[in-house]
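One gets the numbering used here by counting positions in the sequence shown from 1 and adding 2 to each. To keep things clear, I will list the structure first and then write my remarks on it.
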Amino acid sequence: MDNFFITRNFDWGLRRSSHADRALNLITRRFGVESRTASFVDAALYRITGMKFSAVHSGVSTNVEQRMNMFHLVSQTIAYDVEGDLVEVGCNQGQSSVLIAKVISDFGSSKQLHVFDSFEGLPPASDVDGASYREGDLSTSEEVLVHNFKLHGLRLPIIHKGWFKDTLADGLPKKISFAYLDGDLYDSIMISLKNVYPRLSKGGICLVDDYCDTEINPDGWNYLPGVKKACDDFLCDKPEQMSYIYSGAFTHAFFRKH
Numbered sequence: 003m004d005n006f007f008i009t010r011n012f013d014w015g016l017r018r019s020s021h022a023d024r025a026l027n028l029i030t031r032r033f034g035v036e037s038r039t040a041s042f043v044d045a046a047l048y049r050i051t052g053m054k055f056s057a058v059h060s061g062v063s064t065n066v067e068q069r070m071n072m073f074h075l076v077s078q079t080i081a082y083d084v085e086g087d088l089v090e091v092g093c094n095q096g097q098s099s100v101l102i103a104k105v106i107s108d109f110g111s112s113k114q115l116h117v118f119d120s121f122e123g124l125p126p127a128s129d130v131d132g133a134s135y136r137e138g139d140l141s142t143s144e145e146v147l148v149h150n151f152k153l154h155g156l157r158l159p160i161i162h163k164g165w166f167k168d169t170l171a172d173g174l175p176k177k178i179s180f181a182y183l184d185g186d187l188y189d190s191i192m193i194s195l196k197n198v199y200p201r202l203s204k205g206g207i208c209l210v211d212d213y214c215d216t217e218i219n220p221d222g223w224n225y226l227p228g229v230k231k232a233c234d235d236f237l238c239d240k241p242e243q244m245s246y247i248y249s250g251a252f253t254h255a256f257f258r259k260h
């Protein structure tokens, strides 16, 4: 079993952070000169956006570091035979879902993958969520998700279409070994946690996208502050705490059920 497929097979293959390098090198390499403008472009982007970028990225909303983290966390729950199926709440086009399904397949596991999405984009945001997204952003279709699974020859997940408030209570498996929450907004993460947490098995892992702790990483991607607030509010009276893990230019964190 290997994790090289993360950069080799999927559409988030490695690309330079500076496209200027690629364009200039087409010319300067003819004269034996390498153009190295990535650091200049990254510095300019930092001045404009306040965000620091890693040297490489993969896809629009994720990177290789995040995918490697997910690979190892999913693998842990299967290798140690944590009881229950796997879920992704907020699957969008299924890129993360494909990775999770690939790990399940490589282990030869009979565990099921359940994915949840409205396929209508985001619901309205609240004041705590900031202004990064508007209602309806990130919309896609169930057909795109299915196509991505067929593209990689993977067994289709169990797809639950609809708003989380309508699908999670009855759609989640009774026991969960791994959950990936990618709801972007306070209310979406909170309702996900309220439904997932009671079903998460002992030793099960809940990975939450866009969780940023600026005290640990002042340069982290903190454009969806409602995510951290929802996690912190939910776990304030529980034994688990979020573990903020390095993920390059993006952010995520996880907890393991006690």
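Glycine is no exception: its CB is placed at the ideal position from the N, C-alpha and C atoms.
DSSP beta-bridge partners for residue i?
i, result
"residue 163", "119"
"residue 88", "115, 180"
"residue 211", "254"
"residue 190", "The partner list for residue 190 (beta bridge, DSSP) is empty, contrary to what the question assumes."
"residue 202", "178"
Thinking just about the alpha-carbon of each residue, which of the options is nearest to the one in residue i?
i, options, result
"residue 230", "212, 222, 180, 171", "212"
"residue 109", "193, 243, 81", "81"
"residue 86", "208, 143, 221, 203", "203"
"residue 101", "162, 199, 188, 147", "147"
"residue 166", "91, 260, 75", "91"
"residue 239", "199, 190, 227, 206", "199"
"residue 5", "46, 49, 67, 50", "67"
"residue 210", "197, 182, 115", "182"
"residue 135", "259, 156, 227, 260", "227"
"residue 83", "221, 207, 152, 143", "207"
"residue 121", "105, 95, 133, 79", "95"
"residue 225", "234, 248, 133", "133"
"residue 152", "69, 103, 130", "103"
"residue 158", "79, 190, 114", "114"
"residue 78", "111, 220, 50", "111"
Secondary structure at residue i, three-state DSSP: helix, strand or coil?
i, result
"residue 180", "strand"
"residue 252", "coil"
"residue 77", "helix"
"residue 153", "helix"
"residue 124", "coil"
"residue 245", "strand"
"residue 231", "helix"
"residue 108", "helix"
"residue 3", "coil"
"residue 144", "helix"
"residue 98", "helix"
"residue 259", "coil"
"residue 49", "helix"
"residue 69", "helix"
"residue 8", "helix"
"residue 240", "coil"
"residue 170", "helix"
"residue 158", "coil"
"residue 197", "helix"
"residue 133", "coil"
If residue i and residue j are in contact, beta carbons under 8 Å, what's the gap, nearest whole angstrom?
i, j, result
"residue 195", "residue 232", "7 Å"
"residue 8", "residue 73", "6 Å"
"residue 188", "residue 128", "6 Å"
"residue 76", "residue 236", "Incorrect: roughly 22 Å between the Cβ atoms, too far for contact."
"residue 201", "residue 177", "6 Å"
Excluding sequence positions up to five away, which residues of its chain have a Cβ less than 8 Å from the Cβ of residue i?
i, result
"residue 223", "53, 212, 214, 251, 252, 253"
"residue 242", "257, 258, 259, 260"
"residue 156", "100, 103, 104, 107"
"residue 197", "166, 170, 171, 174"
"residue 249", "65, 67, 68, 71"
"residue 89", "115, 116, 117, 118, 174, 175, 178, 180, 181, 182, 198"
Quick one: residues in its chain with C-beta nearer than 6 Å to the C-beta of residue i, no 5 flanking neighbours on either side, listed in chain order?
i, result
"residue 139", "123, 124"
"residue 3", "108"
"residue 93", "99, 117, 119"
"residue 205", "84"
"residue 218", "246"
"residue 131", "187, 188, 228"
Only counting the same chain, and skipping five residues up and downstream in sequence, which positions put a Cβ closer than 7 Å to that of residue i?
i, result
"residue 245", "255, 256, 257"
"residue 126", "137"
"residue 193", "166, 167, 170"
"residue 216", "222, 224"
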